[in-house]
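Residue numbers (my numbering): 151 to 619.
All residues carry an ideal CB built from backbone N, CA and C; glycine is no exception.
Please read the structure below before turning to the comments.
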Amino acid sequence: VTNLLHVWHLDETHSFRNSSKLISVFFSLFCILIRRIMKFVGVTLAALIGATSAFAPQHVAKRSFISAPSLQMAEQFDQEAFIAESKEMRLKHLEEQAMFALKIAVENYGNAVFPNALIAGDCVITHLLHRMGYLESGKAKVMVVDTFHLFPETMEFLKEIEEAYNFKAEVFCAEGIPVGDKEAYDKRYGADLWKEDIEQYDKVCKVEPFQRGLKTLATDCMINGRTRWQGFERAWIDQFENAPIGGGLAKCNPIAYWTLEDTFDYIAKYKVLAHPLHAKGYPSIGDAKDTIPIPEDGSTKFVDFKFQGDPVPWLDYASERKGRFVGLANKDGSTKTECGIHVAGAEKTFDRDLWEDGAVKQIDTNEKALEIKNSGKESVVVVYAPWCQFCQGMEEEYSKFASEMSDMDVYKFRGDEEREFVQKELNTESFPTVNVIKADGSVIKYESEKRDVASIKAFVESTLEKSAA
């Protein structure tokens with residue numbers, strides 16, 4: 151109407167000379183009118199039809215033959231049963247997937263080795279390997295690293311599962327220390343090494359024994375229990391990858407896609423032997439010195455294959471390892487979350503080699519070592535490992551010794567990568583080992599732990615004088 155009046159106003163004679171505009175306006179008004187009428191009719195019809203509809207609220211009770219089936223379906227739907235069935239379907243898939251991965255790892259490689267830390271996921275893998283017959287047959291080997299700081303229950307639990315599954319694990323510990331001899335460890339490395347230098351402790355007690363174990367067992371595929379659920383450092387791992395150790399060793403992560411809840415569901419389903427400390431509030435178990443219950447009051451437990459207390463503090467994302475490495479920090483001040491075994495560059499257990507100044511000559515191969523031994527010339531050779539704190543400790547003195555021995559060749563030979571050879575040819579059971587090679591090819595070991603220039607020089611002179619006499 152406004153548009154009509156506007157057009158009319160523009161025509162000062164109030165004539166209909168603007169006929170085209172007026173016709174357009176009248177047509178628009180007509181269309182609006184028709185739409186209004188249709189809308190009114192539609193609403194009226196809907197109201198009339200709705201009076202007899204099954205959806206009309208006033209008729210729900212009267213027309214029960216329509217609404218009753220829906221109510222009956224709701225009453226029959228058991229939510230808890232549906233969830234349980236869904237979880238069982240998921241677990242069945244995860245089991246099959248994990249067993250398929252293990253089959254590939256064991257059947258396609260000659261020496262699949264499982265480093266077992268005896269935590270929940272590792273117990274699942276141990277049980278799967280047992281179910282598949284790989285433990286009893288020896289097709290898959292199990293190795294354990296004893297840090298000498300584990301909970302007493304851990305090594306006792308190892309004996310329990312060895313007996314239950316009929317296998318024997320290979321146990322490795324700090325270099326040069328008999329298995330289980332904590333006193334010998336304390337005497338050689340110090341009971342407080344972890345307090346004094348946590349990175350050195352990791353090298354001596356975890357990384358080096360771990361690598362030595364893999365090499366000793368001639369591992370070509372390493373099985374381990376890391377999962378994506380354990381935290382952002384592991385969030386993108388797959389079931390197969392190349393390990394950052396041993397020159398690209400194949401690694402199988404059979405439960406990579408499991409949550410911790412899946413792990414405990416499996417343990418409950420098959421009544422799997424699990425670490426006794428789960429019943430005391432520990433979701434994950436490492437060294438006793440830096441592992442605590444979660445929550446700290448121990449209110450969450452896994453007892454007789456059931457959770458007691460609220461399981462969320464354990465089962466939430468990245469919560470499994472919250473109780474690990476407590477109070478520990480890396481050298482850069484960041485919170486410690488890994489011991490170093492599974493990180494890139496783990497094979498480099500010391501960030502540089504020793505005796506790089508040139509005074510000490512390097513022996514690169516076993517063949518070169520034998521050539522020097524059989525050369526008819528007198529020389530001195532230290533067999534070392536760059537990660538060893540005692541080798542590091544004698545670096546300066548041995549370098550000075552080499553500089554002063556102008557009439558004799560002084561060598562270094564890295565022995566942690568050639569253990570069998572140095573044991574057989576160079577008297578080496580631990581690092582460092584200093585040897586005098588006499589002209590007749592005999593190798594005389596320096597037994598003292600005094601590694602200063604004067605002491606080493608005195609031993610060399612005494613040994614050669616006796617030989618001359």
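- Under the 8 Å Cβ criterion, the segment 534 to 546 does not count as touching the segment 607 to 615, having fewer than three qualifying pairs.
- Assigned with DSSP and collapsed to three states, Asp-437 falls in strand.
- Close CB contacts of Lys-518 within its chain, under the 6 Å cut and outside five residues either way in sequence, are absent.
- Nearest Cα to Ala-552 within the set Lys-523, Ser-529 and Val-510: Val-510.
- In chain order, Val-532 and Tyr-596 place their CB closer than 6 Å to the CB of Val-584, counting only its own chain and leaving out the 5 sequence neighbours on each side.
- Approximately 5 Å separates the beta-carbon atoms of Leu-410 and Glu-470; this is inside 8 Å, confirming the contact.
- If you ignore the 5 residues before and after Thr-297, its C-beta comes within less than 7 Å of the C-beta of Cys-355, Lys-356 and Asp-437, all in its own chain and listed in chain order.
- Within the segment 569 to 598, the runs of alpha helix (DSSP H) at least 4 residues long that lie entirely inside it are, in chain order, 569 to 575.
- With respect to the 8 Å criterion, Gly-363 and Glu-320 are classified as neighbours on the basis of their beta carbons.
- Rounded to whole angstroms, Val-263 and Ala-589 show a C-alpha spacing of 44 Å.
- For Ala-385, DSSP assigns no beta-bridge partner whatsoever.
- Within the same chain, Trp-344, Cys-355, Asp-437, Ala-438 and Lys-439 come within 8 Å of His-299 by CB-CB distance, once the 5 residues on both sides are set aside.
- In the structure shown, Asp-559 falls within a strand segment according to DSSP collapsed to helix, strand and coil.
- For Pro-359, no beta strand (DSSP E) encloses it; the enclosing alpha helix (DSSP H) starts and ends at 358 to 366.
- Within the segment 269 to 335, the complete beta strand (DSSP E) runs of at least 3 residues fall at 290 to 295 and 320 to 322.
- In this structure, the straight-line span from the alpha carbon of Phe-307 to that of Gln-380 is close to 23 Å.
- As computed with DSSP, Tyr-534 is found in a beta bridge with Arg-564.
- Ranked by Cα distance from Glu-521, the first of Glu-575, Lys-616 and Ile-275 is Glu-575.
- Counting other Cβ atoms within 10 Å of its Cβ, His-243 stays below 16 and is therefore classed as exposed.
- Leu-268 is not a Cβ neighbour of His-428, given a cutoff of 8 Å.
- A straight-line Cα-Cα distance of about 30 Å links Val-453 and Gln-389.
- The segment 322 to 342 and the segment 457 to 472 do not touch, with fewer than 3 CB-CB distances between them shorter than 8 Å.
- Listed in chain order, the non-local C-beta contacts of Phe-581 below 8 Å within the same chain comprise Glu-325, Gly-326, Val-533, Tyr-534, Ala-535, Cys-538, Phe-540, Cys-541, Gly-565 and Asp-566, local neighbours out to five positions each way being set aside.
- Around the beta carbon of Ala-251, a 10 Å sphere encloses 16 or more other beta carbons of the protein chains shown; the residue is thus reported as buried.
- Ranking Tyr-416, Lys-430 and Ser-449 by CA distance to the CA of Leu-278 puts Tyr-416 first.
- Under the DSSP assignment, Phe-414 falls in the alpha helix (DSSP H) whose first and last residues are 410 to 420.
- Annotation for Phe-452: no alpha helix (DSSP H) segment contains it, though the beta strand (DSSP E) segment containing it runs 451 to 453.
- A direct Cα-to-Cα measurement between Glu-238 and Gln-247 gives close to 14 Å.
- The secondary-structure analysis by DSSP pairs Pro-265 across a beta bridge with Met-293.
- As a beta-bridge residue in DSSP terms, Glu-391 pairs with Lys-401.
- Residue burial annotation: Ser-434 is buried, with at least 16 other C-beta atoms found within 10 angstroms of its C-beta.
- Shortest Cα-Cα distance from Ile-254 to any of Ala-400, Gln-512, Ser-598 and Val-572 involves Ala-400.
- Annotated three-state conformation of Ser-529 is strand, per DSSP.
- Rounded to whole angstroms, the gap between the alpha carbons of Lys-291 and Phe-317 is 9 Å.
- Secondary structure of Phe-457 (DSSP, three-state): strand.
- DSSP places Cys-541 in the uninterrupted alpha helix (DSSP H) bounded by 539 to 543.
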